[in-house]
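> Pasting in a structure now, in structure tokens, and then I'll have a few things to ask.
Protein chains: 2
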Amino acid sequence: MTATDLDAYCAAGQDRFTGELVEFLRIPSISADPAHGADVRRSAEHVLAGALEAGFTRAEIIETAGNPSVYAERMVDPSLPTALIYGHHDVQPVDPLDEWHTAPFEPAIRGGDLFARGAADDKGQVWMHLKAVEALVRARGELPLNLKLIVEGEEESGSIYFEDLVAEHLDRLRADVLVVSDTAMVGRDRPSLTTGLRGLAALEVTVSGPGADLHSGRFGGAVANPIAALAEILAGLHDPVTNRVTVPHFYDDVRELTDQERTSFAAIPLGDGEFLAMAEGAPAAVGEAGFSTLERLGARPTLEFNGIWGGYAGPGSKTIIPATAAAKITCRLVAEQDPGRIAREVARAVTDAAPPGVSVEVDTSAGGRPVVTPVDHPAVQAMARAVTRVFGTAPLFLREGGSIPPVEIFSRRLGMPAVLAGFGLPDDRIHAPNEKFSLDMYARGIRTLAHAWTEIALALARPRSTV
Amino acid sequence: MTATDLDAYCAAGQDRFTGELVEFLRIPSISADPAHGADVRRSAEHVLAGALEAGFTRAEIIETAGNPSVYAERMVDPSLPTALIYGHHDVQPVDPLDEWHTAPFEPAIRGGDLFARGAADDKGQVWMHLKAVEALVRARGELPLNLKLIVEGEEESGSIYFEDLVAEHLDRLRADVLVVSDTAMVGRDRPSLTTGLRGLAALEVTVSGPGADLHSGRFGGAVANPIAALAEILAGLHDPVTNRVTVPHFYDDVRELTDQERTSFAAIPLGDGEFLAMAEGAPAAVGEAGFSTLERLGARPTLEFNGIWGGYAGPGSKTIIPATAAAKITCRLVAEQDPGRIAREVARAVTDAAPPGVSVEVDTSAGGRPVVTPVDHPAVQAMARAVTRVFGTAPLFLREGGSIPPVEIFSRRLGMPAVLAGFGLPDDRIHAPNEKFSLDMYARGIRTLAHAWTEIALALARPRSTV
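Have a look at this one:
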């Protein structure tokens, strides 16, 4: 492969691109924690300045009832196709903090990886897009299509107000294709593109017994214990033998895998051993009976417990019956499951399972629906050509286990097909301590995206109308 | 009833006695929290000064590998009986702090109750003993028997080093009877004495899956979730229908209730409605099938969950599979259960219940064995006469659901019978926010104890040997 003007520009700028990303990662833009509200705003302003610097011609902060988003555009010619880039500038919380080898907001480079909260998810991939635009504008003088950019400020806290934002700015956000870099490839030498995302439904279950903690000697054994009740409720949500979710109607709308799809999953060269090597030492691949690991992740719904708390968790012992115990639950959904319906069904199952002597309250919030883009869509194939050029091998097409609710919002509200070109790696530890982004993937991502816009512009070009 | 010299002394001094207790309660002597080590020491020094002021003639701090105890004595005549008073000057942790109406270490009087952490458990009852000694020494010039006092500094963190202390000071602590005020009466107008205490075994269970939190979209449904595994393990420890503990051999050594004992429990005038009224609004009396509430509390063993934690418990949602989840368990034991054996049996049941894909670690610590003192013991009957004099009605004899490990240590090491004369009330909220001690019970307690020493001295008097 010969170096092109774009590749040369990127190679020359790469150290600067890394330095800029380090600065961006220093901002602790944790959207789930209201204490970091000012940091999320500072992060938005940083993206806005970076977009203008990269070559976007208009940029502004869009306020929401929650944390601010950034919108930018460079409109070249109304006859050219238009693409919308989506990303997010907020990050996950950082606890447990003591498991980080270096501070989450003091980016550190070790062994070719950049360690920081948000490095891969999603600040690194947002900055990748800005640098690809910069490369095209500086090396070629202009973009081959119209580009719009929306960078959200609360993806990691559920994109609660993002649908309102989209609804209010439908015309401005409309485009021929949505491009999102917020996913991972199978491996450094096994490039892949994502063609499906799971949906999400979230619940918080609170079990209440006495109005205050009680002495376990004076009352234990004679009143219901909220932790015992919660454990019983949660344990009942999966079948202990098949690991299937027991909630009635949970699987009603799941589109079963065809033989062809199962063959396609089986063709992906990722065994359980390699999967577990990425899973932070989890001792075994465990999941729904009758499905492979990749099928469980890509094509089957799950019900997971994300947190649990109640009673005394400090040093020593405290002999109490706690007043309450609670847990956070999320369900990952596949086509054609409806997040609202699933949240209601799980809430009903939880309430129905409450043993005597406690009361149960369930808060539900429906996230996005599952999204699938056909592999043969022209924009997907255009991105695949750019990946092949930079990685030297054609990408696999995968369905991702994660959820990106905004992708579902754009799909439902604007009918936009989504090209999910993420440059993370499976061992990036997103959402966990010691998140990192490979600097090699960062560099390849910038080059791939710079080339991709030309491929996409050609693939989506409309026949010129005569004037 | 006519006022005696003792009653008159107590009545005249009561406001001062309350003021002194308020000062004692200001010391945050939380023994479970190492950060409060200096406060526990200050609390010990406060008791030492108070004992000397009250009339004890020798007093000293006894160091342990943990928090310090206080020893004091007033030896009148070797031919008189000797009693040992046991109490503790340390207190429970205070969380959840935001549920306290006034700060836990800023004592506040409302409606005749004194609110503070440790008010009833056990600082108020320790100070009651000091004031009863003061009344006897000041009003009568001398005690009717030899008195020893040991006030421990880590009862609320498991009395871990107290057995070593007793073993090292066996001769000094030897006495004809042990008197402990660390329990509650049935009600203000239903005085009672405690003749049985349950034993205790404690466990902490930690379930580990991956070495770090994992993204629930990228890994959920394909690796085991430690919260799900913990819920399954805990839920399996009780039968959901009978509420019996399912651990093999758990009930092997339980002495079954005789018909006479069941009749005696049934005679106690405390219905489930009144029980629930003390239970901070717990909605129902729930427990082991086949037993009444009072039988469950006094004569049956329990397995209770005191705390649970794992994953994300902050605001918003965090879509992770947590690396670990853990829970604290305590078992209340009845005669003839052995705490070490029960801890081992529960640990084995927990380990055996671990589902695939996680590892389980269990820390056990055995507390005291169950203790029972015969109702017709002369010292118990002597205390009953003092209670009758002050309360105007004879006490009921109860078995208490709680545990006081040091009582078991004295029983086992020195063969001392225990008189458990506590002046708390069931709604004192010990171990919970807004702990209080009734000032009326505090005053009655001081008068009862002052009279009790004369009754006990007479009851235990040995025939004088000729010289």
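Keeping their order, the protein sequence lines are chains H and F.
The opening residue of the first sequence carries number 4 in our numbering; numbering runs sequentially from there.
The opening residue of the second sequence carries number 4 in our numbering; numbering runs sequentially from there.
Even glycine gets a Cβ: it sits at the ideal position worked out from N, Cα and C.
1) Name, please, each residue of chain F whose Cβ falls closer than 7 Å to the Cβ of H/ALA111.
2) Do you know offhand how far F/GLU166's Cα is from H/ALA187's?
3) Examine chain F for any beta-carbon lying closer than 7 Å to the beta-carbon of H/TRP312, and answer yes or no.
4) Check distances from the C-beta atoms of the stretch 85-118 of chain F to those of chain H and list, in chain order, the residues that come in under 9 Å.
5) Restricting to Cα atoms, I'd like to know which of H/SER46, H/LEU203 and H/GLU66 is closest to H/THR333.
6) With DSSP as the reference, label F/VAL470 as helix, strand or coil.
7) Can you grab the Cα-Cα spacing for the pair F/PHE487 / F/LEU336, in whole Å?
8) Keeping to the same chain, check which residues put their C-beta closer than 6 Å to that of F/PHE446; ignore five residues upstream and five downstream.
9) Candidates H/PRO243, H/ALA462 and H/LEU452: which alpha carbon is nearest F/ALA356's?
10) Please tell me whether H/ASN228 has its Cβ less than 7 Å away from any Cβ of chain F.
11) So that I know if they touch, is there some Cβ in chain H lying closer than 7 Å to that of F/VAL378?
12) Below 7 Å between beta carbons: does that hold for F/ARG221 and H/GLY404?
13) Judging by CA-CA distance, which residue of F/THR457, F/ILE311, F/LEU452 and F/ILE407 is the nearest neighbour of F/ASP125?
14) Within 7 Å (strictly less), CB to CB, does F/ASP255 reach chain H?
15) Check the DSSP bridge columns for H/GLY114 and list the partner residues they point to.
16) Given this structure, state the Cα-to-Cα distance separating F/ALA75 from F/ARG201, to the nearest angstrom.
17) What are the residues of the stretch 291-309 of chain F that lie near chain H, defined by any Cβ-Cβ distance shorter than 7 Å?
18) Are the stretch 360-370 of chain H and the stretch 347-361 of chain F in contact at 8 Å, needing three or more beta carbon pairs?
19) So for F/PHE440, helix, strand or coil by DSSP?
20) Would you mind sorting H/LEU173 into buried or exposed? The rule is 16 or more other CB atoms within 10 Å of its CB.
21) Over what stretch of residues does the beta strand (DSSP E) that includes H/ILE153 continue unbroken?
22) Across which residues does DSSP place H/TYR445 in a beta bridge pair?
23) Please specify which runs of the alpha helix (DSSP H), each continuous and at least 4 residues long, are wholly inside the stretch 358-409 of chain F, giving them in chain order.
24) By the criterion of Cβ-Cβ separation under 8 Å, what are the contact partners of F/SER441 in chain H?
25) Quick check on the burial criterion: 16 or more other C-beta atoms within 10 angstroms. Buried or exposed for H/MET4?
26) Using the Cβ count rule (16 or more neighbours within 10 Å means buried), how would you classify F/ALA280?
27) Is there at least one Cβ from chain F nearer than 7 Å to H/THR367's Cβ?
28) Are the beta-carbon atoms of H/ARG120 and H/VAL94 separated by less than 7 Å?
29) What in chain H is Cβ-close to F/VAL289, meaning under 7 Å?
30) Any idea if H/GLU259 is buried or exposed, counting beta-carbon neighbours within 10 angstroms, 16 or more meaning buried?
31) Expressed to the nearest angstrom, what Euclidean distance is found between the alpha-carbon atoms of H/ARG177 and H/GLN340?
32) What is the DSSP secondary structure of H/THR305, counted as helix, strand or coil?
33) Taking the alpha-carbon of H/GLU63 as reference, which of H/GLY69, H/VAL73 and H/ALA57 has the nearest alpha-carbon?
34) Looking at chain H, which residues of the stretch 262-274 of chain F have a Cβ within less than 8 Å of any of its Cβ atoms?
35) Below 8 Å, can you find three or more Cβ-Cβ pairs linking the stretch 136-154 of chain H to the stretch 77-93 of chain H?
36) Taking 7 Å as the CB-CB cut-off, is F/THR333 touching chain C?
Once the coordinates are examined:
1) By Cβ distance, chain F contributes nothing, its closest Cβ being about 17 Å from H/ALA111, past 7 Å.
2) 58 Å
3) Taking Cβ atoms only, chain F reaches closer than 7 Å to H/TRP312, which makes this a yes.
4) GLN95, PRO96, ASP98, PRO99 and GLU102
5) H/LEU203
6) Here the model assigns F/VAL470 a pLDDT of 48, short of 50, so the residue's position is not dependable and the matter cannot be decided.
7) This structure does not reach residue 487 of chain F, given that chain F is present from 4 up to 470, and the question cannot be answered.
8) For the sequence presented, residue 446 of chain F should be read as Ala rather than Phe. Within the same chain, F/ALA446 has close Cβ partners GLN17.
9) H/PRO243
10) yes
11) Answer no: the Cβ-Cβ gap between F/VAL378 and chain H never drops below 7 Å.
12) Cβ distance < 7 Å, so F/ARG221 and H/GLY404 count as in contact.
13) For F/ASP125, the nearest C-alpha among the options comes from F/ILE407.
14) no
15) DSSP output for H/GLY114 lists no bridge partner at all.
16) Whole-angstrom Cα-Cα distance: 28 Å.
17) GLU291, THR296, ARG299, LEU300, ARG303, THR305, GLU307, PHE308 and ASN309
18) Contact between the stretch 360-370 of chain H and the stretch 347-361 of chain F is absent, with fewer than three C-beta pairs closer than 8 Å.
19) strand
20) exposed
21) Where H/ILE153 is concerned, the enclosing beta strand (DSSP E) starts and stops at 149-155.
22) According to DSSP, H/TYR445 bridges with nothing at all.
23) 381-394
24) Those within 8 Å of F/SER441 in chain H number zero; the least Cβ separation is about 16 Å.
25) Since pLDDT at H/MET4 reaches only 41, below the 50 mark, its modelled position is unreliable, and the value read off the structure follows with that caveat. H/MET4 should be labelled exposed.
26) exposed
27) no
28) The criterion of a C-beta distance shorter than 7 Å is satisfied by H/ARG120 and H/VAL94.
29) VAL226, ALA227, PRO359 and GLY360
30) exposed
31) Computed Cα separation, rounded: 26 Å.
32) strand
33) H/VAL73
34) none
35) yes
36) This model lacks chain C altogether, as its protein chains are H and F.
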